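In the working numbering, the protein residues as written are 6 to 117. C-beta atoms are modelled at their ideal positions from N, C-alpha and C, and glycine is treated no differently. In this text, all values refer to a predicted model and were calculated from it rather than measured experimentally. In what follows, a single structure is set out as structure tokens and then discussed.
Structure follows, in structure tokens:
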């Protein structure tokens with residue numbers, strides 16, 4: 006499986022790293038062990054990945070969430086959004102659409 010990390014997603018990780026020192030490690034580790042059968046499907050190849058925060062002993066419930074696009078045929082995982090459950094309960098459909106639009110635009114520019 007290939008993981009495509011974009012500048013749009015990296016910016017969100019940097020925001021998390023300001024508050025939680027191990028945020029990048031926690032998130033990247035979970036992305037490398039992604040299993041679509043263990044993640045919550047949002048439909049349209051989008052998944053919500055629950056990640057425990059190693060800086061705060063609260064398990065997955067108070068950890069991070071990543072919304073990712075997974076193309077099973079090509080084996081490509083593209084993380085779109087990353088946020089802490091302590092900051093935000095859920096993301097809206099508009100936020101997901103905005104992130105998907107930005108990430109796809111960035112990937113198209115890289116591949117051109």
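Can you list, in chain order, the residues of its chain with a C-beta nearer than 6 Å to that of residue 57? Leave out the 5 residues immediately preceding and following it. Your numbering for residue 57 matches position 52 in the chain shown. The residues are 64, 65, 68.
For the structure I just gave you, are there three or more beta carbon pairs, one from the segment 72 to 85 and one from the segment 44 to 51, closer than 8 Å? yes
Could you spell out the range, first to last residue, of the alpha helix (DSSP H) harbouring residue 15? For this step, residue 15 is matched to residue 10 along the chain shown. Segment 12 to 24, the alpha helix (DSSP H) holding residue 15.
Just the C-alpha distance for residue 110 and residue 93, rounded to the nearest angstrom, thanks. Taking the first residue of the chain shown as position 1, residue 110 is located at position 105. Taking the first residue of the chain shown as position 1, residue 93 is located at position 88. In a straight line, the C-alpha of residue 110 is about 26 Å away from that of residue 93.
Which listed residue (13, 9, 25) has its alpha carbon closest to that of residue 90: Within the chain shown, numbered from 1, the residue matching residue 90 stands at position 85. Considering only alpha carbons, the answer is 25.
In angstroms, rounded to a whole number, what distance separates the CA positions of residue 55 and residue 70? Stepping through the chain shown from its first residue, residue 55 is reached at position 50. Stepping through the chain shown from its first residue, residue 70 is reached at position 65. Approximately 5 Å, taken between the alpha carbons.
Which of the three DSSP states is assigned to residue 73 in this structure? Here residue 73 is taken as the residue at index 68 of the chain shown, counted from 1. Strand, per DSSP.
Sort 101, 96, 29, 10 by Cα distance to residue 60 and report the nearest one. Within the chain shown, the letter at position 55 stands for residue 60. For the residues 101, 96, 29, 10, the minimum Cα distance to residue 60 belongs to 29.
With a cut-off of 8 Å on the beta carbons, I'd call residue 87 and residue 17 a contact; round off their distance for me. Locating residue 87 in the chain shown gives position 82, where the first residue counts as 1. Locating residue 17 in the chain shown gives position 12, where the first residue counts as 1. With 8 Å as the limit, residue 87 and residue 17 qualify as a contact, their Cβ atoms being about 4 Å apart.
Here's the rule I'm using: 16 or more other beta-carbon atoms within 10 Å means buried, otherwise exposed. How should residue 115 be labelled? Residue mapping note: residue 115 aligns to position 110 of the chain shown, counting from 1. Under this definition residue 115 is an exposed residue.
Proximal residues to residue 107 (C-beta, below 6 Å), its chain only, five neighbours per side dropped: Taking the first residue of the chain shown as position 1, residue 107 is located at position 102. Excluding residues within five positions, the ones whose Cβ falls inside 6 Å are 13.
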